[in-house]
Amino acid sequence: MHWKMPQPLFLKLIIVFFKLTPPSDKGVRGGGGINNVINNRVSNFISNLNNVGRI
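For the sequence shown, the UniProt record's numbering gives the first residue as 1, with consecutive numbering after it.
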């Protein structure tokens, strides 16, 4: 697989993540924990893409 293939999927996932945590909710309701989970998922996903790129 070419390493550029996952990019559209990655953009869709980012859009989904932003839909799950609207900017108006980040400061309200103490959404820091949820944001941390999303940041971890994004970081893990990027790491997986990097690993696939090395193979």
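Quick reminder that beta carbons are idealized off the backbone N, C-alpha and C, glycines included.
Span separating the alpha-carbon of residue i from that of residue j
i: Leu11; j: Ser43; result: 14 Å
i: Leu13; j: Asn40; result: 13 Å
i: Asn35; j: Asn51; result: 24 Å
i: Pro8; j: Asn48; result: 15 Å
Sub-9 Å separation of residue i and residue j beta-carbons
i: Phe17; j: Ile46; result: no
Any chain C beta carbon closer than 9 Å to residue i
i: Arg41; result: Among the chains in the structure shown there is no chain C, since it carries only a single protein chain.
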